[in-house]
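*Asks:* Residue numbers (the working numbering): 22 to 153.
What follows is a structure written as structure tokens; I'll ask about it next.
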Amino acid sequence: MSYSQDLCTVGRSGAFQGQVFGLSAGRTVRDTNCERLKLGKYLYDMGMKVAAVAIMCQDVRVFSAMYMAGTPCPYEGKIGEEARVAWAANPKDRPDYKEAKASYVAKCTRTENSAGQNKSRITCKREFDKGS
């Protein structure tokens, strides 16, 4: 048993007591965001700054914030403009894949293609998955 207060788990428990018998149960729940923060801090402290940013970028909120700030998250060792191009070419690898796809499809639907016809939702989904 660990008595450290620096854990990324939360205890959950419940109990019921009747006149004759009682029941109780408990378990621990992992806090993955806490784990991500600790891993990022430890990597940064060891001088692995790009790896620290990469692990933080697994969170959709961080990924979106970095992208909006003009500093895309690292992609397989690429940083900066190379990373932005790699993320655009591989949209299925994005942590915010579902949100990005929905946004793209909403903007793309009913725009004209090269033949002057309106694009359908299915066409826009295929375009997004193909990457740019």
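The C-beta atom is built at its ideal place from N, Cα and C for all residues, glycine as well.
#1: Are T132 and K140 touching if we call contact CB-CB under 8 Å?
#2: Which of the three DSSP states is assigned to T144 in this structure?
#3: Between the beta-carbon of A110 and the beta-carbon of P95, is there less than 8 Å?
#4: Along the chain, which unbroken stretches of the alpha helix (DSSP H) at least 4 residues long are found entirely within the segment 32 to 120?
#5: Is it right to say M77 is buried, meaning 16 or more other beta carbons lie within 10 angstroms of its own, or is it exposed?
#6: Are V81 and D52 closer than 8 Å when you measure CB to CB?
#7: Comparing alpha-carbon positions, which option in D66, C55, A36 and M67 lies nearest Q79?
#8: Out of curiosity, what's the CA-to-CA distance linking F42 and D27?
#9: Taking DSSP's pairing of strands, which residues face T30 in a bridge?
#10: Spatial neighbours of P93 within its chain, please: C-beta separation below 7 Å, excluding the five flanking residues on both sides.
#11: Provide the residue(s) that pair with N139 in DSSP beta bridges, ordered along the chain.
#12: Between the Cα of K113 and those of I143, K146, D150 and G35, spot the shortest distance and give me the residue it belongs to.
*Replies:* If we stick to the structure as given:
#1: yes
#2: Correct three-state label for T144: helix.
#3: no
#4: 53 to 66, 70 to 77, 81 to 89 and 102 to 110
#5: Buried, by the Cβ-count rule.
#6: no
#7: C55
#8: 36 Å
#9: R51
#10: M87, A104, R105 and W108
#11: E133
#12: D150
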